[in-house]
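I have placed the structure first, in the form of structure tokens, so that the comments after it can refer back to it.
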Amino acid sequence: MDLLTTSVAKVESGSEPYTLVELVGEADVTNSDALHEVLDAEVAKRPRTLIIDLSGLRFMDSSALHVILRANRAMDRQGGVVALASPRDPVAKMLRLTAADQLIPVYASVSEASAG
Amino acid sequence: MPDSRLPPGPPPVRAAWVARSDGADGMDGVDDIDGQPRRPDDAVYHTYQSDLSQVRDLVRRQAREAGLTDARVEDLVLAVSEVAANTLRHTRSTGTLAIWHDADEVVCEVRDEGTITDPLAGRRRPPPDASGGHGLWLVRQVCDLVELTSDASGTTIRMHMARRARETAG
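Protein chains in written order, with the working numbering: chain W, 1 to 116; chain X, 1 to 170.
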């Protein structure tokens, strides 16, 4: 089994469509290039909103964080928004300690994130 | 265990860091790692080169066994993983993790052949959107004590977690 599994969905329900990227497993330096490719491909489609569901992520290191921050910058440049949803406690703490949570909004759930 | 990789003289870059929940912060020579490595005979060793998941699993198991709370177990897992990630990023050699605990604390020591030239590495928080440098910052934030010694022959970083911790914020 892969250390990190990613799945991408276009969600049309609700007020506004958004792209949902779900991360499951452990995101670290050994798979951050793969994560970058996945996020890059979605950013290139220029969605208005890109929500990254972290609920299945058992571990995230600073390499994975940098990939997410890079995607956030790219989205920002093209007028889009990245949101993070339901990080587990250790991941939430890491986002807080790096102050990444001040750059990217963090929500308790995907539905809250999609409501903005 | 004697360590042939550490040179006899003082290395050019050396820093001992203390980060405490009470806000005390500064250089501290309480546990000098330049001299006698204090690794006991029952230390557990693990060599890694590509798989950090195994490193994290081992740290998690040992830290739980030593009775750390779940949150502090994950703090230590993150710290060791960040240091080990630097081995993968910056060296082509293996890294070695040693873990042990005594009555007071759990200690994880990571050695590799990389060299850290900035004595203040990890002492300042990088801007959140920086493209690097968060790893050692995080290490220093989540551990009770971090010691670092580095020279041309390699780097040793020792991370300490008290077994009976004061409750930390966050």
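Virtual Cβ for every residue (Gly too), placed ideally from N, Cα, C.
From the DSSP output, in three-state form, read off residue i for me.
{"i": "LEU97 of chain X", "result": "strand"}
{"i": "THR149 of chain X", "result": "strand"}
{"i": "LEU171 of chain X", "result": "An answer regarding residue 171 of chain X cannot be provided, because it is not within the stretch 1 to 170 covered by chain X."}
{"i": "GLU26 of chain W", "result": "strand"}
{"i": "ASP28 of chain X", "result": "Note that ASP28 of chain X has pLDDT 43, beneath the 50 cutoff, so the model's placement of it is unreliable and the number below is only indicative. Coil at ASP28 of chain X, not helix or strand."}
{"i": "ASP76 of chain W", "result": "helix"}
{"i": "ASP33 of chain W", "result": "helix"}
{"i": "GLY132 of chain X", "result": "coil"}
{"i": "THR87 of chain X", "result": "helix"}
{"i": "ALA92 of chain W", "result": "helix"}
{"i": "LEU57 of chain W", "result": "strand"}
For residue i, would you say it is in contact with chain X, using Cβ-to-Cβ distances shorter than 8 Å as the test?
{"i": "PRO47 of chain W", "result": "no"}
{"i": "GLU26 of chain W", "result": "yes"}
{"i": "SER55 of chain W", "result": "no"}
{"i": "ASP61 of chain W", "result": "yes"}
{"i": "LEU19 of chain W", "result": "Note that residue 19 of chain W is Thr in the sequence shown, not Leu. So no, THR19 of chain W is outside the interface."}
{"i": "LEU39 of chain W", "result": "no"}
{"i": "LEU97 of chain W", "result": "yes"}
Against chain W, does residue i count as a neighbour if the rule is that its beta carbon must be under 8 Å from one of theirs?
{"i": "GLY132 of chain X", "result": "yes"}
{"i": "ALA169 of chain X", "result": "Note that ALA169 of chain X scores 49 on pLDDT, short of 50, meaning its location in the model is unreliable; the coordinates nonetheless yield the value given after this. Answer no: the Cβ-Cβ gap between ALA169 of chain X and chain W never drops below 8 Å."}
{"i": "ARG72 of chain X", "result": "no"}
{"i": "LEU97 of chain X", "result": "no"}
{"i": "SER50 of chain X", "result": "yes"}
{"i": "ARG111 of chain X", "result": "no"}
{"i": "ARG61 of chain X", "result": "no"}
{"i": "ASP25 of chain X", "result": "Unreliable positioning characterises ASP25 of chain X in this predicted model, as indicated by a pLDDT of 44, which lies under 50. A coordinate reading is not provided."}
{"i": "SER93 of chain X", "result": "no"}
{"i": "LEU76 of chain X", "result": "no"}
{"i": "GLU65 of chain X", "result": "no"}
{"i": "GLU82 of chain X", "result": "yes"}
{"i": "LEU138 of chain X", "result": "yes"}
{"i": "ARG124 of chain X", "result": "no"}
{"i": "VAL30 of chain X", "result": "Note that VAL30 of chain X scores a pLDDT of 42, beneath 50, so its modelled location is shaky and nothing firm can be said."}
Can you pull the chain X residues whose beta carbon is under 7 Å from the beta carbon of residue i, in chain order?
{"i": "ASP89 of chain W", "result": "ALA71"}
{"i": "HIS66 of chain W", "result": "SER131, GLY132"}
{"i": "LEU3 of chain W", "result": "SER53"}
{"i": "ALA100 of chain W", "result": "PRO128"}
When you compare the CB positions of residue i and residue j, do they come within less than 8 Å of one another, or not?
{"i": "TYR48 of chain X", "j": "ALA98 of chain X", "result": "no"}
{"i": "GLY114 of chain X", "j": "THR155 of chain X", "result": "yes"}
{"i": "VAL81 of chain W", "j": "THR49 of chain W", "result": "yes"}
{"i": "HIS134 of chain X", "j": "LEU65 of chain W", "result": "yes"}
{"i": "VAL139 of chain X", "j": "ALA79 of chain X", "result": "yes"}
{"i": "SER63 of chain W", "j": "ALA85 of chain W", "result": "no"}
{"i": "HIS248 of chain X", "j": "ARG163 of chain X", "result": "Nothing about residue 248 of chain X can be read from this structure; chain X reaches only from 1 to 170."}
{"i": "TYR18 of chain W", "j": "SER109 of chain W", "result": "no"}
Who are the neighbours of residue i on chain W, taking C-beta pairs under 7 Å?
{"i": "ASP129 of chain X", "result": "LEU69, ARG73, LEU103"}
{"i": "GLY135 of chain X", "result": "SER62"}
{"i": "ASP56 of chain X", "result": "The sequence as given places Arg at residue 56 of chain X; Asp does not occur at that position. Result: PHE59."}
Since residue i meets chain X, which of its residues come closer than 8 Å, beta carbon to beta carbon?
{"i": "LEU50 of chain W", "result": "Per Cβ cutoff of 8 Å: no residues; LEU50 of chain W is ~17 Å from chain X at best."}
{"i": "VAL29 of chain W", "result": "LEU52, ALA85, LEU88, ARG89"}
List, in order along the chain, the chain W residues whose C-beta lies closer than 8 Å to that of residue i?
{"i": "ALA162 of chain X", "result": "By Cβ distance, chain W contributes nothing, its closest Cβ being about 18 Å from ALA162 of chain X, past 8 Å."}
Give the DSSP bridge partners of residue i, in chain order.
{"i": "ILE157 of chain X", "result": "X:VAL110, X:LEU148"}
{"i": "GLY67 of chain X", "result": "Answer is none; GLY67 of chain X lacks a bridge partner."}
{"i": "LYS10 of chain W", "result": "W:THR19"}
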